[in-house]
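Start counting the sequence shown at 1473; every next residue gets the next number (the numbering used here).
Right, one structure below, let's go through it.
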Amino acid sequence: MSDTRSLLDVLRHTVSADIADEIERLAATAPDRKLNRINVLAFAAERGLDEEKVIAGFLHASRLGLFEFSWNILCPGCGGVLDAGASLKHVHSEAYTCALCAAGYEPSLDELVEVTFTVSPKLRRIEAHHPDQLPAAEYFRQIYWSSGVDLPEDDYEAMLDEFIVEALELPAGEKAVISIQIAESFLIVFEPVTHAAQFIEVKGEPTKERQALSLVFDRSHRHHETLVMHPGALRIAVESHVDVRTLPSVCVANDALHQMLGRRRPFLTAKRVLSNQTFRDIYRADTLDVDQRFKIASLTFLFTDLRGSTELYERVGDLVAFDLVRAHFKVLSEIVASETGAVVKTIGDAVMASFPAPARALAAAVRMRDAMHCLNRERGKEDMILKIGLHEGPCIAVNLNERQDYFGQTVNIASRVQHLAASNEIFTTDAVLGDPHASALLVELGLQPLRRDVGLRGVSREIGVFVIP
């Protein structure tokens, strides 16, 4: 306990006191289920805390070993967790199949990979550290469904009873029988541990003969085909071919099931984590393998460059110029982080940054320009002349030169748009200003963008570019 106490003290010196207090209080007083796969956005909202500070707090707590964070592959249909691991390195690029929804999904880092946090056993032991011992209802709540499914607190089990007809715990390698009466409906025999499902359409005239079905649960067979049966008695023989307990459950695909699965809330996406400055500072390249490639449907890139930096070194000398450029990097990095972005890399005196939302990138660009004006006023000289370009679109997350980086035409366009800018100009594409929050920000700031259509090297068509005065 003294070791964890000292780690909690270290956390207090790393993150703000209110965040450290809430994290410590959570670990000490929350019920077990609240400490498994924590949704940090919900945690922040419930306590009125700043999301970015909470994300940073849990990232630091995980680095200290107080929490373990997990990258979970999600089914967008039912919200189930199809796979989970301690890093993105366990995720493969092929499509994941959800047996419950009978659909396949290629893992995109936007909404199909969530990041959650679970308390470490050395800080506090909880039931979910032994998921094979959880009751079926808690296994569904804590292990199968993602943190983005907003499950009810008080009447959770009562809601399950509205669509789960029968459920049992099947020990590893064992056999059992489920005997039920079935009415006209659509049934799903679902097993969440092996992710297997058998669909049964019950229709037609009732039968007095007992119907029979045999199911084997292993790691490969998913029982996708739909069987047709009549209302009446049904005997389901189930058999486990895996070395862990399984939880076959007979569910009715009724309104209660659909309503529960339709309850959603925001969650921390992999895209947001990869564009978080604290994460990049802590984990650096220890995120992707060199041969991994992940699609991101939408990310906003910001490129900056100092105009006339070569002349600056000539005019003020290497030492003064170096200090000025370093001060400019510090200011830009702080602005990027405060707008939920991350510096991907610096190239000479240029910066490449990524943001999960266009409006935050645009806000950062305006603040950067204002910050350079302030630096120049303090010096009484116009030494720091910034050129800024922005673009939003799809890209690929990669590991390049031992650094988590991005690749694709969106990155190329953002870089080339920056090259269009002149002294203290912000150039952005219509893809950025097409975001309603970004356009609303310009209205709020009283800025009227000026449009022009331009051709860019390597881009087959002209694109709309806006100058932000």
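Don't be surprised by glycine CBs; every beta carbon is placed ideally from N, CA and C.
Check                                                                                                        : Outcome
Touching by the beta-carbon criterion (3+ pairs, under 8 Å), the segment 1553-1565 and the segment 1575-1589 : yes
Segment limits, alpha helix (DSSP H) that includes Ile-1527                                                  : 1523-1535
Cα-Cα separation between Leu-1796 and Glu-1864, rounded to whole angstroms                                   : 30 Å
Glu-1638 in three-state terms, based on DSSP                                                                 : strand
Touching by the beta-carbon criterion (3+ pairs, under 8 Å), the segment 1634-1650 and the segment 1707-1716 : yes
Coarse secondary structure for Phe-1612, derived from DSSP in three states                                   : helix
Closest residue to Arg-1736 among Trp-1617, His-1845, Glu-1697 (Cα-Cα distance)                              : Trp-1617
Cβ neighbour criterion (16 or more within 10 Å) applied to Ile-1652                                          : exposed
Continuous beta strand (DSSP E) stretch holding Val-1585: start and end                                      : 1585-1591
Alpha carbon of Leu-1922 to alpha carbon of Ala-1894, nearest angstrom                                       : 14 Å
The segment 1477-1490 / the segment 1530-1542 touching (three or more Cβ pairs under 8 Å)                    : yes
Bridge-paired residues (DSSP) for His-1863                                                                   : Phe-1773
Exposure of Val-1973, with buried meaning 16 or more beta-carbon neighbours within 10 Å                      : Limits of the chain in this structure are 1473 at one end and 1941 at the other, which puts residue 1973 out of reach.
Short Cβ contact (9 Å threshold) for Ser-1721 with Ala-1639                                                  : yes
Cβ pair Phe-1658, Ile-1672 closer than 9 Å                                                                   : yes
For His-1487, the nearest candidate out of Phe-1530, Met-1732, Ala-1516 (CA to CA)                           : Note that residue 1487 is Val in the sequence shown, not His. Cα-wise, what sits closest to Val-1487 is Phe-1530.
Rounded C-alpha distance that separates His-1532 from Ile-1754                                               : 8 Å
Sequence-distant residues of its chain with Cβ nearer than 8 Å to Tyr-1628 (five each side left out)         : Ala-1609, Arg-1613
Any 3 or more C-beta pairs closer than 8 Å across the segment 1803-1819 and the segment 1743-1750            : yes
Reference Leu-1778, options Glu-1897, Ile-1935, Leu-1572, closest by Cα                                      : Glu-1897
Residues sharing a beta bridge with Leu-1858, DSSP                                                           : Leu-1778
Residue environment, Gln-1876, which counts as buried when at least 16 other CB atoms sit within 10 Å        : buried
Limits of the unbroken alpha helix (DSSP H) element including Gln-1653                                       : No alpha helix (DSSP H) contains Gln-1653, which is instead part of the beta strand (DSSP E) from 1647-1654.
Residue range of the beta strand (DSSP E) that includes Thr-1818                                             : 1814-1819
Ala-1942 versus Gly-1620: straight-line alpha-carbon distance, rounded                                       : The structure shown does not extend to residue 1942, since the chain is modelled only from 1473 to 1941, so the question has no answer here.
Backbone CA spacing between Val-1939 and Gln-1920 [nearest angstrom]                                         : 9 Å
Between the CA atoms of Lys-1767 and Ala-1869 - distance to the nearest angstrom                             : 6 Å
Closest Cα partner of Glu-1496 within the set Ser-1542, Val-1553, Leu-1595                                   : Leu-1595
DSSP state of Cys-1573 mapped onto helix, strand, coil                                                       : coil
DSSP bridge partner residues for Ile-1660 (one or two, in chain order)                                       : Phe-1671, Cys-1723
Close beta carbons around Phe-1515, own chain, < 7 Å, minus the five adjacent residues each side             : Val-1526
Candidates Ser-1686, Ala-1725, Glu-1697, of which the one nearest Val-1706 by Cα                             : In the sequence on display, residue 1706 carries Leu and not Val. Checking every option, the nearest Cα to that of Leu-1706 belongs to Ser-1686.
Whether Asp-1834 touches Thr-1900 by CB criterion (9 Å)                                                      : In the sequence as displayed, the identity of residue 1834 is Leu instead of Asp. Yes; because the gap between Cβ atoms is below 9 Å, this pair is in contact.
Element boundaries [beta strand (DSSP E), containing Ser-1542]                                               : 1539-1546
Alpha-carbon to alpha-carbon, Ile-1885 and Gly-1927                                                          : 10 Å
Alpha-carbon spacing of Gly-1549 relative to Ile-1510, whole angstroms                                       : 21 Å
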